[in-house]
Amino acid sequence: MRLRAAHLIGREAEVTELGESLRHLNRSRGGTAFLVGEGGIGKSRLVAELIGAALDAGVRVLKGRSSTIGPMVPLRPLTEALMPLSRGGVTPDEASLGPYRPVLGRLVPGWSTGAPDQGSTVVLAEAVLRVLAHAGRESGCLLVLEDLHDADTETLAIVEYLVDNLEQQPLMLVATLRCDPGEALNLAESAGRRGSATVFRLAPLDADEVGRVIASCLDTDPGLMPAEVLVQMWQDSAGIPFLVEELLQGAVAGGSLVREGAAWRVVGDLRRNMPRALLESASHRIDQLGPQGRTLLSAAAVLGRRFPLSVLQSMTGVDDRTLLSHLHASVVARLVAADEPAPDWYAFQHPLTAEALLAQLTPTARVALSERAANAIETLNPGLPGDWCPLAATLRADAGDPVRAGRLFTEAGRRALADGAVGSAVALLDRAERLLAEGGDSAARAEALEALLPALAETGDLTRALSLAGSLRELAGAGLGAARLAALHTRLAHVAYMAGRWADGNNQIERARGLLATAPDEAHTALTDVVEAYLCLVTPGPDRTQRAERLARAALGTAERQSLPLVACQAWELLGVVARERDLVEASTYLEQAMNTAERHGLWLQRMYALTRLGGIRWLDDGSTATLDEARTEAQRLGAVTVVYGIDGILTLHDVLRGRFTEARALGDETLTMATRLKLTSVARYLLMARAVLAAHQGDRAAMEEALTDFGRWGGSRSPEEPLALGLAGVFCALLEENRDQAARTMADLEALEAENPTTFHLSGRHGLGLLLDLLDGRADRGHLDRLAGSAAGRMRWNHHFVLLAEAVLLGREGRPEAAGRTALLAQQAGAPYPTARHLGQRLIAEEAHALNWGEPERWLREAEHHFRGTSATAVVGACRTLLRAIGAPVRQHRTGSDRIPPELRLKGMTVREYEIFRLLADRPSNKDIAARLYISPRTVEKHVASLIAKTGLPNRSQLCALAAEQC
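The sequence shown: position 728 = 735 (the working numbering), numbered continuously.
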């Protein structure tokens with residue numbers, strides 16, 4: 008007899024809508040559906056119906072489930088879903104995964120490349136998205152995740168990422184979850200509100216639908232079913248399909264409902280004392296197993312929905328024959344089933360069954376069983392590898408042993424943090440800290456806090472991390488050692504540094520120093536020195552780099568004496584950062600030391616970080632990207648996606664400075680898309696700065712200002728990239744507009760900003776272009792030039808080009824025209840890779856070179872005019888042509904630039920020159936000001952303005968200026 012409905016009842020609308028979504032997969036139109044409802048409402052049955060339709064359509068189906076009892080197991084449902092791909096011989100596609108391949112080893116060991124991953128949940132989410140898209144490339148893929156309400160933080164984060172990025176993928180995600188308040192329900196509702204997913208709230212069945220379920224379960228015609236069965240089942244089940252089936256099972260098994268031919272007859276009391284209907288139904292079947300069978304299943308319920316036979320046998324002490332006999336009977340009674348593919352594991356067929364068994368245990372009995380379970384797990388699994396550690400911790404807590412539980416949760420949290428499961432680490436360590444506070448073990452609580460603070464910082468919950476300062480005060484009062492307390496204050500200082508709260512960080516460092524003064528400890532002092540050094544770099548003050556260097560050197564000395572390789576690597580790297588401004592060779596030496604230290608101790612990520620910084624130095628020094636390319640390849644091999652995109656940002660700016668605008672736009676847009684998706688704030692900010700520079704170097708102020716607005720939204724104000732935005736974008740754009748006053752004002756703003764907040768970026772112009780402008784305008788002399796020429800920043804190739812131009816100008820003024828010409832030639836050679844800078848520099852010095860009879864001003868102006876004619880920098884083109892006329896050189900007419908005139912103005916007959924003047928009228932300048940900007944006479948400007956008034960049909964100059972402000 009079948010006591011399960013033969014087909015799905017009451018969910019026809021949901022089946023239709025889900026089926027339609029499934030059919031969209033062949034057009035690469037993915038989507039997400041959340042099936043929400045209380046336990047037993049029929050979520051799994053609806054999923055089974057969808058899976059059947061998917062298999063019929065040839066869609067690949069992957070299915071995973073979260074643990075429902077006990078501690079969260081990081082990423083379990085995703086691992087379970089992807090394992091069939093590995094068993095089926097599916098290998099992730101290298102071409103589509105690229106640098107994401109290494110992180111997949113966290114989910115499927117067989118896919119590991121052996122390279123360490125960065126532990127970023129977002130990077131792992133992108134890898135999952137790509138491998139699922141590859142799996143469904145032919146006919147689509149259906150990913151089913153059940154019991155999402157019991158999922159860990161990392162799984163929820165990956166689900167949220169998938170939800171937001173499935174629209175153009177051949178992938179359908181269906182997740183089931185209960186309607187209880189929690190993070191999973193918040194995720195589903197949020198996705199539903201923003202239209203990223205469809206949320207199906209499964210309601211209880213109505214009376215008619217319950218009748219149909221009963222008839223299907225009893226394999227009878229609804230008309231042959233006793234009316235009292237429908238009434239009783241409808242009342243007692245509250246419309247929950249699972250309870251209908253369970254109540255029927257109990258009635259039939261208990262003999263109160265019997266078959267007579269094709270019909271059924273009630274021969275006993277159908278009523279159950281709700282809400283104990285399920286419990287009594289399960290208990291009736293369990294009772295048939297005998298007392299030992301009930302004890303066995305109660306012990307299994309303590310372990311969770313899933314349980315291993317080896318642990319169960321150790322807990323109960325039964326022999327193999329008895330264990331297998333009761334297990335077989337439980338399977339026949341549909342209480343448990345084999346939990347494939349693990350041969351030793353079984354699971355309750357429904358979580359409510361396990362919950363019902365636990366509800367029948369007395370508190371004393373549950374404590375005793377929990378203790379026996381923990382003892383068995385620890386005996387059978389020395390060292391508690393994998394998921395055994397958090398399970399044993401949960402059992403120790405249930406057994407009333409908060410200290411042992413807290414220590415185990417601390418260990419589980421450390422392991423999760425090392426594996427990159429930061430969210431689970433926070434949950435485990437937070438529970439550890441609370442249990443150890445309850446148990447009064449101050450030393451163990453300090454260990455939990457030492458791991459919890461960086462874990463919270465990694466999740467971005469900096470406020471929560473800083474709030475734990477109160478816990479440190481409690482530990483101080485509990486007699487914790489000074490060195491351990493100092494370490495905790497140092498970790499809080501690092502959290503404050505990451506949060507940008509330098510004052511709070513310095514306060515924590517001061518407390519750590521005070522504690523270490525009473526109990527000196529070199530290792531803890533080295534850690535404190537390194538953290539304080541980084542705080543120095545962001546704390547306002549004229550000597551912050553000097554203080555940071557002193558602290559880094561002190562930390563380095565201790566690290567070498569105490570064999571602290573990680574601290575040594577960090578110290579060498581910091582020394583390389585602060586030395587870059589004074590000596591690039593010295594900075595490179597420090598970074599090579601960091602690389603050597605990392606290699607000796609197998610710290611491959613630290614080596615890659617140092618190699619990246621070394622590549623940056625070599626790029627600044629001579630414009631070469633060879634080391635950066637090497638670092639990018641290494642980062643890609645290690646799966647360090649964040650570093651890959653950071654290097655791509657530098658390469659984008661490199662292309663801009665080299666005048667490869669098309670390549671820069673393509674690489675920058677692609678990298679910015681990924682940086683935005685992965686929420687890499689600093690990388691996105693750098694790319695937006697590069698986008699502004701790209702527009703500025705083409706004379707496109709509107710595009711530049713749009714990019715700078717976006718740059719500001721990403722925290723650009725007072726950021727390390729702001730000087731580059733001001734100098735490489737703002738100053739350059741003003742110069743290409745022939746607005747030297749605006750360029751000087753922007754350069755002054757830049758210098759004030761860098762005086763207040765020195766930056767480790769040195770291409771803004773303060774060490775090159777700014778010197779040349781000051782010299783041309785009489786604000787600098789030989790002393791200024793010699794100081795800059797001798798600095799490390801002044802010798803960087805981009806800056807050195809402008810320094811040489813300034814040297815040529817001074818030599819010309821000193822009456823040494825031949826030396827000036829030779830130096831100008833050296834400047835052209837230095838600036839050869841940077842065409843925009845080279846031609847702008849030639850235009851800037853040409854007028855003075857002609858006046859003092861040195862160099863080749865006519866050739867320089869012609870080359871500059873030719874170069875800028877293909878950009879929006881019409882003003883500098885006009886200036887070059889005017890200067891050529893002024894020195895008596897012939898000038899050929901070019902009728903280009905009309906495409907930049909708005910169509911409505913072009914139809915009025917506006918010429919290119921008139922449009923140049925029209926744009927300037929937006930600021931209401933005088934004819935003399937316009938003439939100076941365009942290198943023409945005021946009389947010529949007056950004629951053009953009169954022509955503009957006539958062509959636009961406006962009555963006067965004031966309204967012409969208003970139109971210009973509106974149009975431009």
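Cβ coordinates follow ideal geometry from the N, Cα and C atoms, glycine included.
The structure presented is a predicted model; accordingly, all values stated were derived computationally and were not measured.
For the pair Ile852 and Pro109, the Cα-to-Cα distance works out to about 53 Å. Here the alpha carbons of Val898 and His857 stand approximately 17 Å from one another. In this model, Leu582 and Leu492 are separated by some 28 Å (Cα to Cα). For the set Leu184, Glu593, Leu316, the Cα lying nearest the Cα of Gly49 is the one of Leu184.
For Thr183, DSSP records a beta bridge to Leu42.
Taking a C-beta distance under 8 Å as the contact criterion, Glu637 and Leu618 qualify as a contact pair. Setting aside the 5 residues that flank it on each side, Leu782 is surrounded in the same chain by Ala813, Val816, each with a C-beta closer than 6 Å to its C-beta; the list follows chain order. Distances from the alpha-carbon of Glu440 to those of Gly430, Leu25, Leu792, Leu459 put Leu459 closest. Ranking Ala800, Glu728, Ser203 by CA distance to the CA of Leu627 puts Ala800 first. Just so you know, the alpha carbons of Met917 and Leu735 end up roughly 32 Å apart. Taking a C-beta distance under 8 Å as the contact criterion, Leu891 and Leu868 qualify as a contact pair.
Assignment of beta-bridge partners to Gly71 by DSSP yields Leu152. In its chain, beyond the 5 residues on either side, Ala344 have a beta carbon closer than 7 Å to the beta carbon of Val338. The three-state reading of DSSP puts Thr546 in coil, since its state is none of H, G, I, E or B. Sequence-distant partners of Thr565 (beyond 5 residues in either direction) whose C-beta falls short of 8 Å from its own C-beta, in its chain, are Glu529, Ala530, Thr532, Ala533, Asp536, Leu571, Val574.
Under the DSSP assignment, Pro315 falls outside any alpha helix (DSSP H), being part of the beta strand (DSSP E) whose first and last residues are 313-315. Secondary structure note for Val274: it is in no beta strand (DSSP E), with a DSSP letter that is neither H nor E. Taking one beta carbon from each stretch, the region 128-139 and the region 167-178 have 3 or more pairs nearer than 8 Å; the two touch. A contact is defined here as three or more CB-CB pairs under 8 Å, and the region 13-31 fails this definition with respect to the region 150-159.
When C-alpha distances from Leu833 are compared across Gly862, Thr843, Glu854, the shortest belongs to Gly862. In the DSSP assignment, Leu255 falls within the alpha helix (DSSP H) that extends over 248-260. In the three-state DSSP reduction, Trp352 falls in the strand class (E or B). The continuous beta strand (DSSP E) containing Arg208 extends over residues 205-208.
If only complete runs of 4 or more residues are kept, the region 934-961 shows the alpha helix (DSSP H) at 934-941, 945-959, in order along the chain.
Here the alpha carbons of Gly430 and Thr160 stand approximately 5 Å from one another. Looking at the backbone, the Cα of Tyr942 and that of Ala886 are separated by about 6 Å. For Arg639, the closest C-alpha among the options Leu664, Leu612, Val663 is that of Leu612. According to DSSP, residue pairing for Arg266 in a beta bridge involves Trp271.
Its chain contains Pro211 as the residues whose beta carbon lies nearer than 7 Å to that of Ala245, once the 5 sequence neighbours on both sides are disregarded; these appear in chain order. Distances from the CA of Ala880 to each of His846, Trp805, Glu855, Asn33 were compared; the closest alpha carbon is that of His846. By the Cβ criterion, the region 60-74 is in contact with the region 83-90, since at least three pairs of Cβ atoms, one from each stretch, lie closer than 8 Å. Membership of Ala375 in the alpha helix (DSSP H) is indicated by the continuous run 370-387. Distance check between Ala258 and each of Tyr616, Gly656, Glu235, Ala269 places Glu235 closest, using alpha-carbon atoms only. Distance from the CA of Gly117 to the CA of Thr688, rounded to the nearest whole angstrom, comes to 33 Å.
When DSSP reads this structure, Val343 sits in a beta bridge with Phe355. Around the C-beta of Asn806, 16 or more other C-beta atoms lie within 10 Å, and the residue is accordingly described as buried.
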